[in-house]
Every structure is written in C-alpha cells, then in structure tokens.
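Below is one structure, written out as structure tokens; the observations come after it.
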Amino acid sequence: MSKSRLILLFALLAVVVVAGCRSAHTTSAILYIDEQSYDKAVNVIHDGFQYGDDEPDAYYYLGEAYSHLALEAVEVDDYPEAKKNYQLAYDAYMRTLELDAAEWSKMVKESLEYNYANRVRQAALDWEGRHFEQAEGHLRLAFAALPDSLTPIKSIARMKMQMADEDTTGTQATPLREEALELLNQSLEANPEAYSLNLDKANVLDLLGRDEEAGQLYNELLSEHGDDVRLLMDIASLAVDDGEYGRGADLYVRVVDLNEADVIAENDEDNNLLLRTAGNWYRMNSVGRYEDAIVALDRSAELDPSLNQRTMLARLRAYYDYGMKLKGDGDLEEDAVLKADLKTRSMEKFRRAEEIGRAMTLNFPSDDQGFLFLSMVQIETGDFTASDANYKTYEELSSQPDF
Numbered sequence: 051m052s053k054s055r056l057i058l059l060f061a062l063l064a065v066v067v068v069a070g071c072r073s074a075h076t077t078s079a080i081l082y083i084d085e086q087s088y089d090k091a092v093n094v095i096h097d098g099f100q101y102g103d104d105e106p107d108a109y110y111y112l113g114e115a116y117s118h119l120a121l122e123a124v125e126v127d128d129y130p131e132a133k134k135n136y137q138l139a140y141d142a143y144m145r146t147l148e149l150d151a152a153e154w155s156k157m158v159k160e161s162l163e164y165n166y167a168n169r170v171r172q173a174a175l176d177w178e179g180r181h182f183e184q185a186e187g188h189l190r191l192a193f194a195a196l197p198d199s200l201t202p203i204k205s206i207a208r209m210k211m212q213m214a215d216e217d218t219t220g221t222q223a224t225p226l227r228e229e230a231l232e233l234l235n236q237s238l239e240a241n242p243e244a245y246s247l248n249l250d251k252a253n254v255l256d257l258l259g260r261d262e263e264a265g266q267l268y269n270e271l272l273s274e275h276g277d278d279v280r281l282l283m284d285i286a287s288l289a290v291d292d293g294e295y296g297r298g299a300d301l302y303v304r305v306v307d308l309n310e311a312d313v314i315a316e317n318d319e320d321n322n323l324l325l326r327t328a329g330n331w332y333r334m335n336s337v338g339r340y341e342d343a344i345v346a347l348d349r350s351a352e353l354d355p356s357l358n359q360r361t362m363l364a365r366l367r368a369y370y371d372y373g374m375k376l377k378g379d380g381d382l383e384e385d386a387v388l389k390a391d392l393k394t395r396s397m398e399k400f401r402r403a404e405e406i407g408r409a410m411t412l413n414f415p416s417d418d419q420g421f422l423f424l425s426m427v428q429i430e431t432g433d434f435t436a437s438d439a440n441y442k443t444y445e446e447l448s449s450q451p452d453f
C-alpha cells in the first residue's frame, strides 16, 4: 500500500474513533471512491445496509459513488445509465438529509449543485453550438440530478420553440411546438402562476393556431402585467392574426408610450416603425379610425427628423382618406350647419395632404405613388391643372421597368 493510501486510511480510522459512528463498510466505500472504483463503493455500502441502514454517512457516500458513475456514463454517451445514476445519487442524498440534515446539508447541497451545474454548463455549450439533441440530453440529466429545479424543463421548452421558429422545412415546427407546450404544462403544474411560463405558453398556443386559448390566456396576463412590452407585442400579433387591426394598433401605440416613458434608449429604436404600422392599420377601411391614424403617423414623423419616404406616403394617404371620409359624411348630412362643418373639415385634411404630397414629390421624385396621391388630392382641392401634370408624372414613372 502506498504511503498516501496509508495516510488516508489512518485519517479515516481516526474519524471513526472520534465520531464513533462511521461503519467499516462506509470507510471502505470512501477508499473505493478515492481509487475510482465506484461500483465497488456502491456494492460495499449496500452490503453494509444488511447490518444497518440508518447511517447518514453511508447514504452521502453512496450518492457520491452514483454521481461519479453518472459522470462516467456521460463520458461514453450512455444517457440511460447516466440518468439512472443521477436519480440514484439524488435519492441517496435526500436520505442523508432525512437522517441528519443539520450535519450534512451543506455537503449535500454542494454535491447536488455540482452535478446540476456540470450538465447545465454542457447543455449551454451544446445549445450555443446548435447541437440541440445533445443540449436536450444534458438538460434532462440536469433535471434527473436535481428534480427540485424545473429550469432544465423550461429551457428545453424554449429551445424547442427556437428550433420551431428556425424550421425551414415546414415539417417540424408544429411537432416541436407541441413538445414545447407539453413541457411548459409540466412546469406550470408546479408553478401555475409563473408569468414567464404562461407567456411562453400563450405564444406557443398562438403559433399552433389555438387562438381562442391563446387569447384567453393573453387577456388574463394583460390584466396583471399590462406594462410588459413583450406581452403587448404578442397580443398585438394575435390580434392582427385574428383581423383585429385596430386593437393591434392600440397595443403598438401603448408599447411606444412605455418605451418613451422608460430610461432605456435602446427601447426607442423601433418606435418609428411601430407608429407607422399602427397608423396604417388605423386608416384601413375595415378600421376607419382616421384621426388615430393621423396622430400616430404625425408622431412617427416627429420622432424621425430626417424625411422618411414610407412615413410621408402613409401620412399623405391618411390625410386624403380622412378627407374623403368627411366629404362622404357631408354629402349624406341633411343638417346645413353640420354639412358645412364637414365640408370645411374635409378641405382642411385635403390641404394638409397637399402640403405633404408636394414635399414628398420634391424629396422623392422617383416615387410614383407620391405623384398619384398628390394628383388625387388636387382634384379635391380644385387644382385640376396641377392634378393633370402630377398624374402624367405618375404614369411615366409607373410605366418604367424596375431594375
């Protein structure tokens, strides 16, 4: 026997003398673990259980032996064997705490965290390298090593959501999302109020086409977390999928309000696009909220001092559409005072549209749509000569081939 082994043995025997409670079987198991003979350690501890099974030391070192066996199985890619040994290690550690939590809680906690962290760390590397199957395997082993934590299950669900989003074949997205939904439900059984999990679940339900369930869950979350931008964007997406463009626009505007109210500059990057999109949805014939459209689009223009071609065209069309709506209402109105008021208001919108149209055609002389809508506006303002000229320009531009 080597000198180091003798020293270790004497140290172990000294502990037995002092503590008076560690069995010879457990002492032998510790030596076997030191020699990396983990199967022998397991066997000798189980032999000792024939004489007594109430020694916390025995169960702790049994957990250590199983933990090492799990690592050996991982190294040879034997997933079932690794999972079995992690589960056995966990059970042994839990028995240790049942027998003497005061003495062993710190060591058990460190061992459990070590097993868990090893697998989570490897899963993160595999996930980053897009080795999804291996990442899932390590996450499931992490759950086996520490079933008190549902984080690995949540992570697998989110990984499958990512894989579904990236599926280019169109064949795997639905099965992956169904798997994700099952995993999210598993996590929610233990923590039904978890906001992030419920938000993920609503998103998956939406993507699976289960709009009614998604909408109900979104509304429940909205009543409690109405200031969460991600939630608002998800609900807006569902609203648009359901053809509720007005609601989608309202939610986009709400997101912009929240972004502008916080102190995070990065949140403001998309505000211009959100407002322009909301404005275009508001002015749709099926929505017909022209005043809201103008407010959103003018606000978008104010956020971007540089002239934006799409924003200018959207504003031109919104003012024109609103003018036509007021004009139509005036034609149907029988009250002379109200009729005159509607006529005045419609002309105000046409005049504003004309101003925007002139600016647009000046700054973007190759945009045929700018000339088209300016021409249509000028018919309403009575400038027929300018309207004809701008319409001819529109025809010339629109007949040119695209390169």
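So in the working numbering the end of the sequence shown lands on 453, straight run, no missing numbers. Virtual Cβ for every residue (Gly too), placed ideally from N, Cα, C. Since the model is a prediction, treat every value here as computed from it, not as a measurement.
Which ranges would you report for the alpha helix (DSSP H) in the segment 79 to 144 if only whole runs of at least 4 residues count?
-> 88 to 98, 106 to 125
Output the residue ranges of the beta strand (DSSP E) runs that lie fully inside the segment 234 to 264 and measure 3 residues or longer, sorted by chain position.
-> none
Tell whether a beta-carbon distance below 8 Å holds between ALA309 and ASN321.
-> Residue 309 sits at position 259 when you count from the first residue of the sequence shown. Residue 321 sits at position 271 when you count from the first residue of the sequence shown. Contrary to the premise, residue 309 reads as Asn rather than Ala in this sequence. In this structure, ASN321 lies closer than 8 Å to ASN309 by Cβ.
Extent of the continuous alpha helix (DSSP H) run through ASP342 | Within the sequence shown, residue 342 is the residue found at index 292, counting from 1. It spans 340 to 353 - the alpha helix (DSSP H) in which ASP342 sits, taken as one unbroken run.
Separation of PRO197 from LYS134, as counted between CA atoms = Here residue 134 corresponds to residue number 84 of the sequence shown, with the count starting at 1. Here residue 197 corresponds to residue number 147 of the sequence shown, with the count starting at 1. Looking at the two C-alpha atoms, the distance is approximately 13 Å.
Three or more C-beta pairs below 8 Å linking the segment 225 to 236 and the segment 262 to 281 | no
From ILE314, TYR164, ASP150, HIS96, pick the residue whose C-alpha is nearest to that of LEU121; which is it?
-> As a first step, residue 121 must be located in the sequence shown, where it is residue number 71. Checking every option, the nearest Cα to that of LEU121 belongs to TYR164.
In angstroms with no decimal places, state the Cα-to-Cα distance between GLU114 and ARG72.
-> Within the sequence shown, numbered from 1, the residue matching residue 114 stands at position 64. Within the sequence shown, numbered from 1, the residue matching residue 72 stands at position 22. Answer to the nearest angstrom: the Cα atoms are 16 Å apart.
Quick one: using the 10 Å Cβ neighbour count with 16 as the cut-off for buried, is PRO202 buried or exposed?
-> Counting from 1 along the sequence shown, the entry for residue 202 is found at position 152. It counts as buried.
State buried or exposed for ARG280, treating a residue as buried only when at least 16 other CB atoms are found within 10 Å of its CB.
-> In the sequence shown, residue 280 corresponds to position 230, counting from 1. Burial call: exposed.
When the Cα of ALA240 is compared with those of LYS210, ALA214, ALA390, LYS204, which residue comes out closest?
-> For the purposes of this step, residue 240 is identified with residue 190 of the sequence shown, where counting begins at 1. Cα-wise, what sits closest to ALA240 is LYS204.
N- and C-terminal bounds of the alpha helix (DSSP H) containing ASP318 | Here residue 318 refers to the residue found at position 268 when the sequence shown is read from its first residue. Per DSSP, ASP318 belongs to no alpha helix (DSSP H) and is neither H nor E.
LYS211 and VAL170 closer than 8 Å at C-beta = Along the sequence shown, one-based indexing puts residue 211 at 161. Along the sequence shown, one-based indexing puts residue 170 at 120. In the sequence under discussion, the amino acid at residue 211 is Met, which differs from the Lys named in the question. Their beta carbons are not under 8 Å apart, which means MET211 does not touch VAL170 by this criterion.
Could you tell me the distance, in whole angstroms, from the CA atom of MET397 to the CA atom of ALA244?
-> Mapped onto the sequence shown, residue 397 falls at position 347. Mapped onto the sequence shown, residue 244 falls at position 194. Cα to Cα, MET397 sits roughly 54 Å from ALA244.
Ignore the nearest five residues each way along the sequence and tell me which others in ALA214's own chain have a CB closer than 6 Å to its CB.
-> Looking up residue 214 in the sequence shown gives position 164. Closer than 6 Å at Cβ, skipping near neighbours: ALA223, LEU226, ARG227.
Any heavy atom of the ligand MG closer than 7 Å to the Cβ of LEU363?
-> Judged by which ligands are present, the structure shown has none, so any question about the ligand MG falls away.
Contacting residues, own chain, Cβ-Cβ under 6 Å from ARG365 (five flanking each side not counted) = Taking the sequence shown and counting its residues from 1, one reaches residue 365 at position 315. Cβ neighbours of ARG365 beyond the five flanking positions: LEU347, ILE406.
Helix, strand or coil: which one does DSSP assign to GLU294?
-> Working through the sequence shown from its first residue, we reach residue 294 at position 244. Coil, per DSSP.
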